[in-house]
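Asker:
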Amino acid sequence: MVRTITVGLDGSLESRAAAEWAAREAALRRIPVRLLHVWQPVPERMAQASLSGAETHQYWTERIPREAAEGLRLRHPGVEVTIEQRAGAPAEVLAEAARDAELLILGSRALSGLAGFLIGSVGQSVVARAEVPVILVRADEQAAEGRVEGPAGTPSAATGFRPVVVGLDTGSPDGTVLAFAFEEAQRRAAPLTVLRAWNLSSSQIYAMSAGYDPREDLARAQAEALSEALLPWREKYPDVEVTEESRLGGPAGHLVDAARDASLVVVGRRIRRSPFGMHIGAVAHAVMHHATAPVAVVAHA
């Protein structure tokens, strides 16, 4: 199977930003980009109407992916770009296409700087079903996305990447998520911030009311657990600069805060094959909706 990055393209600014991000990632990985345009056939009566006839059909099924591919080839001459068109329900087609991809990249519409991502039903369904990493990209990213400011005060292709951020549960650290984060940091020659968030138990909160504050001891224990969990990964990736952060509080809020200075935020999604539907997980769901940086959702067993 040929390694490739697949992008869901619908002509929106968000999907075009996703295509640009995919081309940059493809250059780092030295693999092709596949622009996948999914269209839903309209009823025959509507297709015969003047506003939704053959001309509109041709625009959506041919012009949008062709123009997007031409633009990517001009801006990223070293990246191979192909086009694929499929008919059907977008969520189902994208989830199916993800099985043959190394990464799936989707655009994500932002309501505002505070609201962050607005993931529609299609995006959420695909993230919940895909077993390859899915990256969600906003449309308002700068051209030199993910890079630090240079001497002139603006980021450019000549400056380094901002940190990659990953959330870690030291109680059950997953190698799939950590490996993805370390690999992305290594490709970018970017620092990696590993964030562990923790909360007080009910008994510890009760102890505080009795006059004993366990937070300092707990913070030390949590930091030691984080260091221990990362030791083999530091040895495996000696060139990656790692920053360990252990914080009191909910993981989603801390990850969203860290995203402001990140080039990529990595979160895990546990694969659950449940008869009651697919689930993303509370932390991944919150980060997807509110982080300002691109978000990689990595499925793990």
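Just add 1 to wherever you are in the sequence shown, counting from 1, and you've got this note's numbering.
Glycine is no exception: its CB is placed at the ideal position from the N, C-alpha and C atoms.
(1) Kindly provide the ranges of any beta strand (DSSP E) runs that are 3 or more residues long and lie completely inside the segment 172-235, ordered along the chain.
(2) Whole angstroms are fine: how far does the CA of His255 sit from the CA of Leu249?
(3) Smallest Cα separation from Glu229: which of Ser247, Asp214 and Val165?
(4) Using the three-state DSSP reduction, which class does Pro91 fall into: helix, strand or coil?
(5) So the alpha helix (DSSP H) Leu73 belongs to, where does it begin and stop?
(6) Can you tell which of Glu63, Thr171, Thr177 and Ala297 has the C-alpha that lies nearest to the C-alpha of Ala88?
(7) Which of helix, strand or coil does DSSP assign to Val257?
(8) Below 8 Å on the Cβ atoms is my contact criterion, and I expect Ile84 with Leu104 to pass it. Report the Cβ-Cβ distance as a whole number of Å.
(9) By the DSSP assignment, the alpha helix (DSSP H) with Glu103 in it spans what residues?
(10) What does the Cβ neighbour count give for Val284, buried or exposed, with the cut at 16 atoms within 10 Å?
(11) With Arg188 and Glu15 assumed to form a contact (beta carbons below 8 Å), what rounded beta-carbon distance in angstroms separates them?
(12) Give the secondary structure of Glu81 by DSSP, where H, G and I count as helix, E and B as strand, and everything else as coil.
(13) Return helix, strand or coil for Pro252, following the three-state DSSP convention.
(14) For Thr5, count the other beta carbons within 10 Å of its own beta carbon; 16 or more makes it buried, fewer makes it exposed. Which is it?
(15) If you reduce the DSSP assignment to three classes, tell me which class Arg130 lands in.
(16) Between Val133 and the rest of its own chain, which residues show a CB-CB distance below 7 Å, the 5 nearest in sequence each way excluded?
Answerer: The structure says:
(1) Counting only runs that start and end inside the segment 172-235, the beta strand (DSSP E) elements of at least 3 residues fall at 193-199.
(2) 9 Å
(3) Ser247
(4) helix
(5) Ile65 to Arg76
(6) Selected option, being the one with the closest Cα: Glu63.
(7) DSSP places Val257 in the helix class (H, G or I) of the three-state scheme.
(8) About 17 Å; that fails the 8 Å criterion.
(9) Here Glu103 belongs to no alpha helix (DSSP H), and DSSP marks it neither H nor E.
(10) buried
(11) Not confirmed; about 24 Å, so no contact.
(12) coil
(13) helix
(14) Thr5 sits buried, since 16 or more C-beta atoms from the chains shown fall within 10 Å of its C-beta.
(15) helix
(16) Contacts found: Ala99, Ala102, Glu103, Leu104 and Leu105.
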